[in-house]
Amino acid sequence: MRDRSIIRSAAVAAAIIACVGAGGGVALAQTPIKPKQHFAGIVNGQQGSAVVYTVCPGPITRHRFGPLKGGQTMAVAETASGPGYTGPFSQVYSWFQPLPAGATSPVTLTFTQYGVAQNIPASVRVPCDGTGQAVFSSCPYRAPCPFGWVPDTVRVKFENIAVSLSRGRARGPRP
Numbered sequence: 384m385r386d387r388s389i390i391r392s393a394a395v396a397a398a399i400i401a402c403v404g405a406g407g408g409v410a411l412a413q414t415p416i417k418p419k420q421h422f423a424g425i426v427n428g429q430q431g432s433a434v435v436y437t438v439c440p441g442p443i444t445r446h447r448f449g450p451l452k453g454g455q456t457m458a459v460a461e462t463a464s465g466p467g468y469t470g471p472f473s474q475v476y477s478w479f480q481p482l483p484a485g486a487t488s489p490v491t492l493t494f495t496q497y498g499v500a501q502n503i504p505a506s507v508r509v510p511c512d513g514t515g516q517a518v519f520s521s522c523p524y525r526a527p528c529p530f531g532w533v534p535d536t537v538r539v540k541f542e543n544i545a546v547s548l549s550r551g552r553a554r555g556p557r558p
């Protein structure tokens, strides 16, 4: 458990360092999110695009949604000139798109500090395979918000590890 925490912290630190190289200074971890700041969303330690692992046993069909593998995270980093902008707000929300059929709103994480990774909740359902987005926005999902905020979107590739595990078992043990 301690090793996972160290790895997760190192991944967030690496993403923050990458932001420095990509566009200027970054706030130290655990600094409050404030209005009029640029930020970048981070999924599993990656900014811009990331892989998110799903666990969907059985046949994969188009538009099938399922749970995530545990231990995956999201975080927010402050950047000097990043893709997102808080506008008048002092928090950032994150969620995955597309939403499962029939869902009226996504499971959302709320960030009030930079550099603090949060585990993605087990209740989140995403496409078992394919692509999507992780949205990081200072304006809540579908809320009427004033002018001035800009969301950041991280491209996500959903990769079903249950399929590769079952394929491995189907071959059987090696002699």
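Offset between the sequence shown (1-based) and the numbering used here: plus 383.
From the three backbone atoms N, C-alpha and C, an ideal C-beta is built for every residue, glycine too.
Everything numeric in this text was worked out from a predicted model, so none of it was measured.
Please report the distance separating the alpha-carbon of residue i from that of residue j.
i           : j           : result
residue 532 : residue 463 : 15 Å
residue 465 : residue 505 : 29 Å
residue 494 : residue 440 : 32 Å
residue 416 : residue 545 : 37 Å
residue 498 : residue 424 : 10 Å
residue 461 : residue 432 : 17 Å
residue 517 : residue 541 : 11 Å
residue 543 : residue 428 : 19 Å
residue 522 : residue 513 : 27 Å
residue 454 : residue 418 : 30 Å
residue 422 : residue 413 : 14 Å
residue 434 : residue 530 : 32 Å
residue 473 : residue 467 : 13 Å
residue 436 : residue 487 : 23 Å
residue 515 : residue 420 : 26 Å
residue 510 : residue 476 : 20 Å
residue 430 : residue 492 : 17 Å
residue 426 : residue 503 : 9 Å
Use the C-beta contact count for residue i: other C-beta atoms within 10 angstroms, 16 or more gives buried, fewer gives exposed.
i           : result
residue 520 : buried
residue 471 : exposed
residue 469 : buried
residue 485 : exposed
Who are residue i's beta bridge partners in DSSP?
i           : result
residue 421 : 462, 468
residue 451 : 437
residue 525 : Note: residue 525 sits in no beta bridge, so no partner.
residue 493 : 476
residue 414 : 497
residue 536 : 518
residue 513 : 541
residue 432 : 538
residue 426 : 429, 457
residue 508 : 450
Under the assumption that residue i contacts residue j (Cβ atoms under 8 Å), give the Cβ distance between them as a whole number of angstroms.
i           : j           : result
residue 449 : residue 459 : Their Cβ separation, rounded to whole angstroms, is 26 Å, which puts residue 449 and residue 459 out of contact at 8 Å.
residue 507 : residue 451 : 6 Å
residue 457 : residue 496 : Not a contact, Cβ separation roughly 13 Å.
Taking 9 Å as the CB-CB limit, is residue i close to chain D?
i           : result
residue 430 : Annotation note: the requested chain D is absent from the structure, which comprises a single protein chain.
Inset, instruction - Say whether the region 472-481 touches the region 524-542, bearing in mind that this needs 3 or more beta-carbon pairs closer than 8 Å, one atom from each stretch. - result: With the rule of 3 Cβ pairs closer than 8 Å, the region 472-481 counts as touching the region 524-542.
Legend entry - At least 3 beta-carbon pairs within less than 8 Å: the region 444-459 vs the region 522-529: At 8 Å Cβ cutoff, the stretches do not touch.
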